[in-house]
């Protein structure tokens, strides 16, 4: 059993990631922070609380959900973020009334500091949104690095084929990094061990019609029904690009590293336009573990396995 703190930004794959984390038998989820990035923070926080109520397991689920008060340098497009409202409205998450898991009294970056400091064993950080809360946590108390085993981050791209198409940038940047490039640089300059799951590998696990059908055929399992409903909210034409299982891949890699191949590389971060947030390989950079390849069949099977093991703990 190892302690995990999960910080996410509230889109469909973030919420699915939370659901799957709660099913990992050797994961004790000591905290959840929600940042106002790829989803709206209020409905994403509410949905997180309801998922914990419904699918969490006594003794290894967080006592609270913490809302971030971090603000973007560059905000995600509104159209991408709206699915958080619909996800929060799913009947399966609301049939038992208002959520029982409370909101933390502190904002997410301070909740992160407290959870890490109070943990009796080193904490694994899983972050599927911008790194701003971690950068602020490091500024608040740099000694938290002494009790962090590793950071698993969904963000960045090493092949310069980004997914940001905004004025003033050059197309080499990934959105979580672009949201707050200064935060990425702060984390890169810290002594933390980092595993980066960038677009280079997440692009190997697209959301396809076959995958939607696979989950639809297993909707007798409540968690797979919720996963299928969640991904029904997102379509390629809305984002003007293919939807990938970015965050779910990162989350599963944090506990099942055999699902991917990875290599150590030295890398750094550009803070300024037109490459603001670009991650790149350089011999003068710091070493990280970089995921290069996904064993896709095993990855999708692991999603199904974890989701099938989920039980409704509210009854």
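Residue numbers (my numbering): 6 to 320. Cβ atoms here follow ideal geometry from the backbone N, Cα and C, with glycine treated the same way.
Below 8 Å between beta carbons: does that hold for residue 190 and residue 276?
Your numbering for residue 190 matches position 185 in the chain shown. Your numbering for residue 276 matches position 271 in the chain shown. Contact annotation: residue 190 and residue 276 have beta-carbon atoms nearer than 8 Å.
Using a Cβ-Cβ cut-off of 8 Å (strictly less than) and excluding sequence neighbours within five positions of residue 124, which residues of its own chain qualify?
As a first step, residue 124 is located in the chain shown; it is residue number 119 there, counting from the start. Contacts found: 8, 35, 152.
Find out if the Cβ-Cβ distance for the pair residue 259, residue 131 is shorter than 8 Å.
Counting from 1 along the chain shown, the entry for residue 259 is found at position 254. Counting from 1 along the chain shown, the entry for residue 131 is found at position 126. Closer than 8 Å, so yes.
Runs of 4 residues minimum, wholly inside the stretch 91-172: which ones carry the alpha helix (DSSP H) assignment?
The DSSP assignment places complete alpha helix (DSSP H) segments of no fewer than 4 residues inside the stretch 91-172 at 96-99, 113-123, 137-145, in order along the chain.
Reduced DSSP category for residue 269 - H, G, I as helix; E, B as strand; rest coil:
Within the chain shown, numbered from 1, the residue matching residue 269 stands at position 264. Residue 269 falls in the strand class under three-state DSSP.
What would DSSP say about residue 183, mapped onto helix, strand or coil?
Reading the chain shown from its first residue, position 178 is the one you call residue 183. DSSP, read as helix, strand or coil, puts residue 183 in helix.
Between residue 72 and residue 47, what straight-line distance do the alpha-carbon atoms span, to the nearest angstrom?
Taking the chain shown and counting its residues from 1, the one referred to as residue 72 is at position 67. Taking the chain shown and counting its residues from 1, the one referred to as residue 47 is at position 42. Residue 72 and residue 47: Cα-Cα distance of roughly 8 Å.
Please list the terminal residues of the continuous alpha helix (DSSP H) segment that includes residue 287.
The sequence position of residue 287 within the chain shown is 282, counting from 1. Here residue 287 belongs to no alpha helix (DSSP H), and DSSP marks it neither H nor E.
Boundaries (first-last residue) of the beta strand (DSSP E) holding residue 39
For the purposes of this step, residue 39 is taken as the residue at position 34 of the chain shown. That run of the beta strand (DSSP E) goes 32-39.
Extent of the continuous alpha helix (DSSP H) run through residue 10:
For the purposes of this step, residue 10 is taken as the residue at position 5 of the chain shown. Note, residue 10: premise wrong, no alpha helix (DSSP H); beta strand (DSSP E) at 7-13.
Tell me whether the beta-carbon of residue 42 lies closer than 8 Å to the beta-carbon of residue 134.
For the purposes of this step, residue 42 is identified with residue 37 of the chain shown, where counting begins at 1. For the purposes of this step, residue 134 is identified with residue 129 of the chain shown, where counting begins at 1. Their beta carbons are under 8 Å apart, which means residue 42 touches residue 134 by this criterion.
Assigned exposure category for residue 286 - 16 Cβ within 10 Å defines buried
The count along the chain shown starts at 1 and reaches residue 286 at position 281. Residue 286 comes out exposed.
Where the beta strand (DSSP E) through residue 232 begins and ends
Residue numbering aside, residue 232 sits at position 227 when the chain shown is read from its first letter. Where residue 232 is concerned, there is no enclosing beta strand (DSSP E), although the alpha helix (DSSP H) around it starts and stops at 227-236.
Helix or strand or just coil, what does DSSP make of residue 308?
Position 303 of the chain shown, counted from the first residue, corresponds to residue 308. Three-state result, residue 308: helix.
Where does residue 263 land, buried or exposed, given buried means 16+ other C-beta within 10 angstroms?
The count along the chain shown starts at 1 and reaches residue 263 at position 258. Within 10 angstroms of the beta-carbon of residue 263 lie fewer than 16 other beta-carbons, which makes it exposed.
May I have the straight-line CA-CA distance separating residue 300 from residue 58, to the nearest angstrom?
If you number the chain shown from 1, residue 300 lands on position 295. If you number the chain shown from 1, residue 58 lands on position 53. Whole-angstrom Cα-Cα distance: 32 Å.
Buried or exposed: residue 218, going by 16 or more other Cβ atoms within 10 Å of its Cβ?
Working through the chain shown from its first residue, we reach residue 218 at position 213. Exposed, since its Cβ has fewer than 16 Cβ neighbours within 10 Å.
Under a three-way DSSP split, which group does residue 60 fall into?
Position 55 of the chain shown, counted from the first residue, corresponds to residue 60. In the displayed model, residue 60 falls within a helix according to three-state DSSP.
Residue 5 - DSSP class collapsed to helix/strand/coil
Residue 5 is absent from the model: the chain starts at 6 and stops at 320.
Neighbour-count burial assignment, residue 312, 16 or more Cβ in a 10 Å radius
By one-based count along the chain shown, residue 312 stands at place 307. Per the 10 Å Cβ criterion, buried.
Counting pairs of beta carbons, one from the stretch 202-212 and one from the stretch 288-303, are three or more of them closer than 8 Å?
Contact between the stretch 202-212 and the stretch 288-303 is present, because at least three Cβ pairs lie under 8 Å.
How far does the alpha helix (DSSP H) with residue 255 in it reach, from first residue to last?
The residue you call residue 255 lines up with position 250 of the chain shown. 251-258 is the span of the alpha helix (DSSP H), which, as asked, contains residue 255.
Beta-carbon proximity list for residue 177, same chain, < 7 Å, skipping 5 on both sides
Reading the chain shown from its first residue, position 172 is the one you call residue 177. Around residue 177: 165, 167, 280, 283.
What span of residues does the alpha helix (DSSP H) with residue 214 cover, start to end?
Residue 214 sits at position 209 when you count from the first residue of the chain shown. That run of the alpha helix (DSSP H) goes 214-221.
Residue range of the alpha helix (DSSP H) that includes residue 207
Here residue 207 refers to the residue found at position 202 when the chain shown is read from its first residue. From DSSP, the alpha helix (DSSP H) with residue 207 extends over 204-207.
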